[in-house]
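Participant:
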Amino acid sequence: MTHSFLGVEKSLGGARWLAPTGDDHHVTRMMQTQGLPEIVARLLVNRNVRPEEADMFLNPALKHLPDPLVLKDMEGAAALLADAIITKKAVGIFGDFDVDGATSSAILHRFFRQFGLIAPITIPDRLQEGYGPNIGAFARMKQDGIQIAVITDCGVTSHDIMKAARDMGLELIILDHHEPEKEKPLPEAHFIIDPKRADDKSGLDDLCAAGLSWMACYATGKELLRRGFVSDKKELGLSALLDLVALGTTCDMVPLRGINRILMDAGMRALQLRSTPGIQALCQVGKIPEGKPITTFHLGFAFGPRINAGSRMLDSSLGARLLSTDNPREALEIAQVLDELNERRKLLSKELQQHALENLKSNSNYDPRVIIATLPEADGDVKGLVATDLCQRFDRPALALMPKTGEKGEMLLTGSARSVKGFDIASMMFAARDQGLLLKGGGHAMAGGCTLEERRLPEFMEWLPSYLDSVAAPQEFTKELDIDGLMTAQGATVSAAKLLTRVGPYGQGNKPPRFAMAEVQIYEAKPVGDGSHISCRVSDKEGGASIKAIAFRATEKPLGAALLTSAKDQTSLHLAGELDINEWQGRESAQLKIEDGALA
538 MTHSFLGVEK SLGGARWLAP TGDDHHVTRM MQTQGLPEIV ARLLVNRNVR PEEADMFLNP
598 ALKHLPDPLV LKDMEGAAAL LADAIITKKA VGIFGDFDVD GATSSAILHR FFRQFGLIAP
658 ITIPDRLQEG YGPNIGAFAR MKQDGIQIAV ITDCGVTSHD IMKAARDMGL ELIILDHHEP
718 EKEKPLPEAH FIIDPKRADD KSGLDDLCAA GLSWMACYAT GKELLRRGFV SDKKELGLSA
778 LLDLVALGTT CDMVPLRGIN RILMDAGMRA LQLRSTPGIQ ALCQVGKIPE GKPITTFHLG
838 FAFGPRINAG SRMLDSSLGA RLLSTDNPRE ALEIAQVLDE LNERRKLLSK ELQQHALENL
898 KSNSNYDPRV IIATLPEADG DVKGLVATDL CQRFDRPALA LMPKTGEKGE MLLTGSARSV
958 KGFDIASMMF AARDQGLLLK GGGHAMAGGC TLEERRLPEF MEWLPSYLDS VAAPQEFTKE
1018 LDIDGLMTAQ GATVSAAKLL TRVGPYGQGN KPPRFAMAEV QIYEAKPVGD GSHISCRVSD
1078 KEGGASIKAI AFRATEKPLG AALLTSAKDQ TSLHLAGELD INEWQGRESA QLKIEDGALA
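For the sequence shown, this note's numbering assigns the number 538 to the initial residue and increments by one for each residue that follows.
1) Along the chain, where does the beta strand (DSSP E) containing F728 start, and where does it finish?
2) Taking contact to mean at least 3 C-beta pairs separated by less than 8 angstroms, is the region 735-749 in contact with the region 767-776?
3) By how many angstroms is the C-alpha of T862 removed from the C-alpha of K898?
4) Could you have a look at K1016 and say whether DSSP puts it in helix, strand or coil?
5) Determine the direct distance from the alpha carbon of I623 to that of L654, and round the result to whole angstroms.
6) Jot down the residue ranges of each uninterrupted alpha helix (DSSP H) in the region 698-785, minimum 4 residues, whole runs only, in chain order.
7) Report yes or no: do the region 1103-1114 and the region 1052-1060 share at least 3 C-beta pairs separated by less than 8 angstroms?
8) Pull up the DSSP beta-bridge partners for T951, would you.
9) Do C691 and P670 have their C-beta atoms closer together than 8 angstroms?
10) Spatial neighbours of A621 within its chain, please: CB distance less than 6 angstroms, with the 5 preceding and 5 following residues excluded, ordered by chain position.
11) Contact check, G804 vs D743 under 8 angstroms by CB: the rounded distance?
12) On the three-pair Cβ rule with 8 angstroms, is the region 1024-1031 touching the region 1069-1077?
13) Less than 7 angstroms separating the Cβ of R970 from some heavy atom of the ligand FAD?
14) Please classify A1138: does DSSP put it in a helix, a strand, or coil?
15) Just the C-alpha distance for A1088 and M567, rounded to the nearest angstrom, thanks.
16) Take the Cβ of M699 as the centre, count every other Cβ of all protein chains shown within 10 Å, and call the residue buried at 16 or more, exposed below.
17) Quick one: Cα of I711 to Cα of A924, how far?
18) Tell whether a beta-carbon distance below 8 angstroms holds between A1127 and E1061.
19) Measure from the alpha carbon of R677 to the alpha carbon of each residue in L1129, Q1012, C754, I658, then state which is nearest.
20) What are the residues that DSSP puts in a beta bridge with E1147?
21) On the three-state DSSP scale, how would you describe Y1060?
22) So, do the region 603-621 and the region 814-822 have three or more beta carbon pairs nearer to each other than 8 angstroms?
23) In the DSSP assignment, find the alpha helix (DSSP H) that holds F649 and state where it starts and stops.
24) Assign R1051 to one of two classes, buried (16 or more other C-beta atoms within 10 Å of its C-beta) or exposed (fewer than that).
25) At the level of alpha carbons, what is the spacing between G544 and L1018?
26) With the cut-off set at 8 angstroms, would you say E947 and E914 are in Cβ contact?
27) Cα-Cα, which of K679, I962, L784 is closest to Y1004?
28) Counting beta carbon pairs with one atom in the region 1089-1097 and one in the region 1037-1049, are three or more of them shorter than 8 angstroms?
29) Which residue marks the beginning of the beta strand (DSSP E) containing G1081, and which one marks its end?
30) Specify the secondary structure class of G856 as computed by DSSP and reduced to three states.
31) According to the neighbour-count rule (16 or more other Cβ atoms, all chains shown, within 10 Å of its Cβ), is P1049 buried or exposed?
32) Take every Cβ of the region 970-983, pair it with every Cβ of the region 859-878, and state whether three or more of those distances are shorter than 8 angstroms.
33) Would you mind sorting G828 into buried or exposed? The rule is 16 or more other CB atoms within 10 Å of its CB.
34) Check whether the Cβ atoms of A954 and G980 lie closer than 8 angstroms to each other.
35) Would you give the residue range spanned by the alpha helix (DSSP H) that S1072 belongs to?
36) Pick helix, strand or coil for I816, following the three-state DSSP scheme.
This is the structure we're talking about:
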């Protein structure tokens, strides 16, 4: 068991601080063999990067990409799509309504359009049709003359729907990255590219749909080159699509290792060009001026929520339309609508989060190991955001349920679930579905969704404790905070912060470095902004140089109270957070973004 860092077993935020697993010997070896600064070598060792992998990790390049044909069924799918481009067969795209679905759909659409093949995009209505393919959509595709349907970011568990679509005479290509159902055959599609299928040996399980769709374009492009339809790989326009790959990869929170790191590095460079009108428009409504670099923070917290707001609040197709259009005026108009919808989404989320908390107070009839909250009907689908809030607030798996009227007038509940480390929420969904308690259910370890008849909710609640016992779900899920190492206030400089960027881009699977500062002194602590944040200055116990620090949304939490008290009483704290660079009036200074603290 990993020992606690600085002896912190339960911090002010209720977390156990975990010491890094890499030892000093491995750090020294990494420094000597690769010629790296100590801080960079330590981060690589903490991320289990071996010395022989260091150069590729720090300098990812497209030339290191694997052959896309290593993916099962990719060769056949690429041949079919190349045929379609050459003979102008009618292709249609069906995508999911989230950011990954919008980006993967737009990538395919833009790739085909380069060759004069206009492939219309169908995105299901989130509120009326729900997640995944549906018969009505494929019937409309067939009626519109579509011959080949490419399904992206969904489909691998849609057995009945795929059979119906194939019976209509559609040729089907599934590009999905979700878990197929265990002990069941794959759907009846012509080609199924999913690195998680049991017979796929590519090892590319971490790809999201955007990355997988780009790989399909890459494979199709290689086939077009082989056949002589194009003479130069530059004609394929693959590099220009990588900005959308970076957006989908960041927002779908897949691990930034291996192939994703290569695609992200190239994608972040493509993003800086702002060559896609949809990206230009998102920068404009997100107030990211020309010349300011687009970062993964912008992708995750400025672009992603706006794209998702379309499906949550009004029109699921808005995100895909924004990212696929080449008309700057149309892109800006759509982005402005999404910006307005995102503001409405924020208000609705806050309202329903409060409702969920009140609901939990009045309902004690549930197993406390999994939080279940029922929400009222609302003009928007934000139950996933409510589940996320509950999961983070209570450090428990959480399921948020919202009522919906079924096609036959029956009352249904649709749910979104989020989980914590150590509990596979998708397995719970599959098990409940197999028991006949859910009409639909699935997802992955950390997030899932379901649909059930409202009348079956009490049965589901009665079944849940026995399931949790069977998988040995703990009574309490221990919150853990990974620490990369110890840092002093004197060592927290701008140059140190810039060194950390060498190990980026950061995200899932390559989290931003988090350092602890031991027994620091707090000065000038005060609420700032809307009063919910705490700003202060931090110095080492021995004194010396101090740096600026900020704890976001901490005022009403134990962390905020401890910062204010320590500044007043001059007592010491251990702090944990990310080293950042603060820019103000053209000047750069180091800043600690405080995530947690502990009494020293």
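All residues carry an ideal CB built from backbone N, CA and C; glycine is no exception. The structure displayed is predicted, hence computed values, not measured ones.
Facilitator: Let me lay it out:
1) Along the sequence shown, one-based indexing puts residue 728 at 191. Unbroken beta strand (DSSP E) run through F728: 728-730.
2) no
3) On the sequence shown, residue 898 is found 361 positions in, with the first residue counted as 1. On the sequence shown, residue 862 is found 325 positions in, with the first residue counted as 1. If you take the alpha carbons of K898 and T862, they lie about 47 angstroms apart.
4) Here residue 1016 corresponds to residue number 479 of the sequence shown, with the count starting at 1. Here K1016 sits in strand by DSSP.
5) Sequence index remark: in the sequence shown, residue 654 carries index 117 (1-based). Sequence index remark: in the sequence shown, residue 623 carries index 86 (1-based). Straight-line Cα distance between these residues: approximately 9 angstroms.
6) 746-764
7) yes
8) Translated into the one-based positions of the sequence shown, residue 951 becomes position 414. M939, T988.
9) Along the sequence shown, one-based indexing puts residue 691 at 154. Along the sequence shown, one-based indexing puts residue 670 at 133. Yes, the Cβ-Cβ distance between C691 and P670 is below 8 angstroms.
10) Here residue 621 is taken as the residue at index 84 of the sequence shown, counted from 1. Within the same chain, A621 has close Cβ partners V628, I685.
11) Locating residue 804 in the sequence shown gives position 267, counting from the first residue. Locating residue 743 in the sequence shown gives position 206, counting from the first residue. About 15 angstroms separates the two Cβ atoms, so there is no contact after all.
12) yes
13) Summarising the ligand content, the structure contains no ligands, and the ligand FAD is consequently not present.
14) Nothing in the structure corresponds to residue 1138, since the chain is present only between 538 and 1137.
15) In the sequence shown, residue 1088 corresponds to position 551, counting from 1. In the sequence shown, residue 567 corresponds to position 30, counting from 1. Those two C-alpha atoms are separated by around 33 angstroms.
16) In the sequence shown, the residue the question calls residue 699 occupies position 162. M699 is buried by the Cβ-count criterion.
17) Translated into the one-based positions of the sequence shown, residue 711 becomes position 174. Translated into the one-based positions of the sequence shown, residue 924 becomes position 387. Going by the C-alpha atoms only, they are around 29 angstroms apart.
18) For the purposes of this step, residue 1127 is identified with residue 590 of the sequence shown, where counting begins at 1. For the purposes of this step, residue 1061 is identified with residue 524 of the sequence shown, where counting begins at 1. Result no, Cβ atoms of A1127 and E1061 do not sit closer than 8 angstroms.
19) Position 140 of the sequence shown holds residue 677. Taking only the C-alpha atoms, the option nearest R677 is I658.
20) Limits of the chain in this structure are 538 at one end and 1137 at the other, which puts residue 1147 out of reach.
21) Looking up residue 1060 in the sequence shown gives position 523. Y1060 falls in the strand class under three-state DSSP.
22) no
23) In the sequence shown, the residue the question calls residue 649 occupies position 112. Start and end: 636-650.
24) As a first step, residue 1051 is located in the sequence shown; it is residue number 514 there, counting from the start. Buried.
25) Within the sequence shown, the letter at position 7 stands for residue 544. Within the sequence shown, the letter at position 481 stands for residue 1018. So the two alpha carbons sit approximately 13 angstroms from each other.
26) Residue mapping note: residue 947 aligns to position 410 of the sequence shown, counting from 1. Residue mapping note: residue 914 aligns to position 377 of the sequence shown, counting from 1. No.
27) Numbered from 1 along the sequence shown, position 467 holds the residue referred to as residue 1004. If we check each option's Cα against that of Y1004, I962 comes out closest.
28) no
29) Looking up residue 1081 in the sequence shown gives position 544. It spans 1080-1088 - the beta strand (DSSP E) in which G1081 sits, taken as one unbroken run.
30) Locating residue 856 in the sequence shown gives position 319, where the first residue counts as 1. Helix.
31) As a first step, residue 1049 must be located in the sequence shown, where it is residue number 512. Buried.
32) no
33) Translated into positions along the sequence shown, residue 828 becomes position 291. Counting Cβ neighbours within 10 Å, G828 comes out exposed, since fewer than 16 surround it.
34) Along the sequence shown, one-based indexing puts residue 954 at 417. Along the sequence shown, one-based indexing puts residue 980 at 443. Cβ atoms of A954 and G980: closer than 8 angstroms.
35) Start at 1 with the first residue of the sequence shown, and residue 1072 comes out as number 535. Counting along the chain, S1072 falls outside any alpha helix (DSSP H), though it belongs to the beta strand (DSSP E) covering 1070-1077.
36) As a working mapping, residue 816 is identified with position 279 in the sequence shown. Looking at I816 - three-state DSSP - the assignment turns out to be helix.
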